[in-house]
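Here the structure comes first, spelled out in structure tokens, and everything after it is commentary.
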Amino acid sequence: MDYFPLFCRLQGKRCLLVGGGEVAERKARLLLSAGADLHVGALHFSSAFRQWADSGEITPISGTFNDAWLDRCWLVVAATDDDAVNQQVAQAAEARRIFCNLVDAPEQASAIMPSIIDRSPLMVAVSSGGRAPVLARLLREKIEALLPQHLGQLASLAGTLRARVRQRFASMAQRRYFWERFFTSDRLAQTLANGDGARAAQMVDSLFSDALPAQGEVTLVGAGPGDAGLLTLKGLQQIQQADVIVYDRLVSEEILNLVRRDAERIFVGKRAGHHCVPQAQINQLLLEQAQRGKRVVRLKGGDPFIFGRGGEELEILAQHQIPFSVVPGVTAASGCSAYSGIPLTHRDHAQSVRLVTGHLQQENALEWEKLAAEQQTLVFYMGLTQAPHIQQQLMRHGMRADMPVALVENGTSTRQRVVTGTLERLSDLAQQVESPSLIIIGSVVSLRDRLRWF
Ligand code: SAH
-6 MDYFPLFCRL
4 QGKRCLLVGG
14 GEVAERKARL
24 LLSAGADLHV
34 GALHFSSAFR
44 QWADSGEITP
54 ISGTFNDAWL
64 DRCWLVVAAT
74 DDDAVNQQVA
84 QAAEARRIFC
94 NLVDAPEQAS
104 AIMPSIIDRS
114 PLMVAVSSGG
124 RAPVLARLLR
134 EKIEALLPQH
144 LGQLASLAGT
154 LRARVRQRFA
164 SMAQRRYFWE
174 RFFTSDRLAQ
184 TLANGDGARA
194 AQMVDSLFSD
204 ALPAQGEVTL
214 VGAGPGDAGL
224 LTLKGLQQIQ
234 QADVIVYDRL
244 VSEEILNLVR
254 RDAERIFVGK
264 RAGHHCVPQA
274 QINQLLLEQA
284 QRGKRVVRLK
294 GGDPFIFGRG
304 GEELEILAQH
314 QIPFSVVPGV
324 TAASGCSAYS
334 GIPLTHRDHA
344 QSVRLVTGHL
354 QQENALEWEK
364 LAAEQQTLVF
374 YMGLTQAPHI
384 QQQLMRHGMR
394 ADMPVALVEN
404 GTSTRQRVVT
414 GTLERLSDLA
424 QQVESPSLII
434 IGSVVSLRDR
444 LRWF
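Numbers -6 to 447, taken from the working numbering, label the letters of the sequence shown in order.
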């Protein structure tokens, strides 16, 4: 271990920062956020330092470094643009046994500053001992993404509950079980973040009252159209906490790889030659799993509230008072549009966009005159088998035969294929692609020639 990780309390403690430029500013911000009594010595001060000095946040010392600046200091940071000065500061600090951080020369520093993820009071620090700062930064970004934004508030609340937990739960296992549920309750974190103290207290009470698994909950998560990078951070957090994942065919393998390893996975999609699980049965499954106290994630392709039957699944949960929440996802229309270089609206082409289902329960369910109008973009979901009908109806209601159309198969995934043509050939084009495919109709399609990038 080259460096010993240590968290030290700087509140009100005198710290010396040598340097008044941009690099020093970054260090000053960190030290100030830790509440240090910051003295800054430099020949010249940037405007940020002058403002801090005016508002009394720092104590400026003008001039060249001298040893007396170190008097009564707990920590020193040398951040001038002159290596010789930085080293002089470091040596003086070493002689007085004061820890010193040096910019750009970690090997000569007795203290280094890690990359930090701040969810105060929870802090995560990452360091590569100055050897690979970019790696440390990349790791920091990954951890940053994994830790819910409101975790700090949960951690603060936890601090106030420790005695009560010890009293209420005799065994370590029970305590661990309590804390696990406490820290993975996104709902509680959100309630705290919303400042609803009364509701949060109720939720905590209910965690205390169930020694056995409480009633579970269901989160409807939109997985996006395919590319795992399009999953939201919140979606990722949810699938990493779930006990049970209920998913269907549109959820990509890449995304399933991100699911918590020991979560139970239940597939409810259509397998070749078989029918999909009837919707009523899925609803029942979600309900039963939640009633057994499980944290259930219902993972759906795209966005759960866009042709996803998300609403139907939640209604039955609401009837049975099972708590639920919804995490939106990138819907196929957005994903396919972006990855095929076809903007859905454009000042010169389309002032509105319509998301339409091609899965028609009755022949004439759609208002075809409105759909055939100019200056808009139509996006048909589940439209492949109905393509001949869509073509015929749009043409019959006045859409021009040479209106550009695009079919996007497996949009956003590495297997994405895009076929373009005109409305009069839509029915033939539909034979060239497979499900899942989206049909985009409108003059915006012509922009693809210039805007395709994927
Ligand atoms: N809730 C989903 C849509 C479910 S309906 C969403 O918001 O995207 C299923 C239809 O979505 C498919 O028939 C197809 O038309 C479309 N679809 C979903 N994923 C797709 C993809 N990766 N590429 C093209 N179309 C897709």
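Glycine included, each C-beta is placed from N, C-alpha and C at the ideal position. Note that the structure is a prediction, hence the values are computed from the model and not measured.
Cα atoms of C8 and A61: separation of roughly 13 Å, rounded to the nearest angstrom.
Pairing D30 with G14, the inter-Cα distance amounts to about 19 Å. Within the same chain, S108, I110 and V119 come within 7 Å of R133 by CB-CB distance, once the 5 residues on both sides are set aside. Judged by DSSP in its simplified three-state form, N187 adopts coil rather than helix or strand. Between the stretch 416 to 428 and the stretch 381 to 400, the count of C-beta pairs closer than 8 Å reaches three or more; the two stretches touch. Here the alpha carbons of Q234 and V252 stand approximately 8 Å from one another.
Rounded to whole angstroms, the Cβ separation of I238 and A283 is 13 Å, and the two are not in contact under 8 Å. Pairing V323 with V211 gives a Cβ-Cβ distance that is not under 8 Å.
With a 10 Å radius around the Cβ and a threshold of 16 neighbouring Cβ atoms, D241 comes out buried. DSSP, reduced to helix, strand and coil, places S108 within a strand of the structure shown.
Going by C-alpha positions, N187 is about 43 Å away from H268.
The closest heavy atom of the ligand SAH lies less than 7 Å from the beta carbon of T405. Pairing F92 with G217, the inter-Cα distance amounts to about 49 Å. The alpha-carbon separation between L226 and K293 amounts to approximately 15 Å. Counting every other CB atom within 10 Å of its CB across the protein chains shown gives D220 a total of 16 or more, marking it as buried. If you check the CB distance, G435 and L377 do not come in under 8 Å.
If you ignore the 5 residues before and after I309, its C-beta comes within less than 7 Å of the C-beta of N276 and L280, all in its own chain and listed in chain order. Judged by the Cβ position, E402 qualifies as a neighbour of the ligand SAH at the 7 Å threshold, a heavy atom of the ligand being closer than this. Cβ neighbours of D(-5) within its own chain (closer than 6 Å, five residues either side excluded): G122. For a cut-off of 8 Å, the C-beta gap from T413 to Y374 is around 18 Å, too long to register as a contact. DSSP places G152 within a helical segment (H, G or I) once states are collapsed to three. Non-local beta-carbon contacts of S39 in its own chain, meaning distances under 7 Å to residues more than five positions away in sequence, involve G13, G14, E15 and E18 in chain order. Under the 10 Å beta carbon count, H32 is surrounded by 16 or more other beta carbons and is classified as buried. The C-alpha of Q84 lies about 35 Å from the C-alpha of R112. Annotation for Y374: the continuous beta strand (DSSP E) segment containing it runs Q369 to Y374.
No Cβ-Cβ contact shorter than 8 Å links S330 with P321.
Residue pairing by DSSP places L68 opposite C8 and F92 in a beta bridge. Note that the C-beta distance between Q101 and D179 is not below 8 Å. According to the DSSP secondary-structure assignment, T212 is paired through a beta bridge with V290 and S318.
Judged by the Cβ position, Y374 qualifies as a neighbour of the ligand SAH at the 7 Å threshold, a heavy atom of the ligand being closer than this.
Only residues of its own chain outside the window of five on either side were considered, and among them L364, Q369, T370, L371 and V372 have a CB closer than 8 Å to the CB of R347, listed in chain order.
Distances between the C-beta of D296 and the heavy atoms of the ligand SAH include at least one below 7 Å.
For C329, the shortest C-beta to heavy atom distance toward the ligand SAH is below 7 Å. For S120, the CB stays at least 7 Å from every heavy atom of the ligand SAH.
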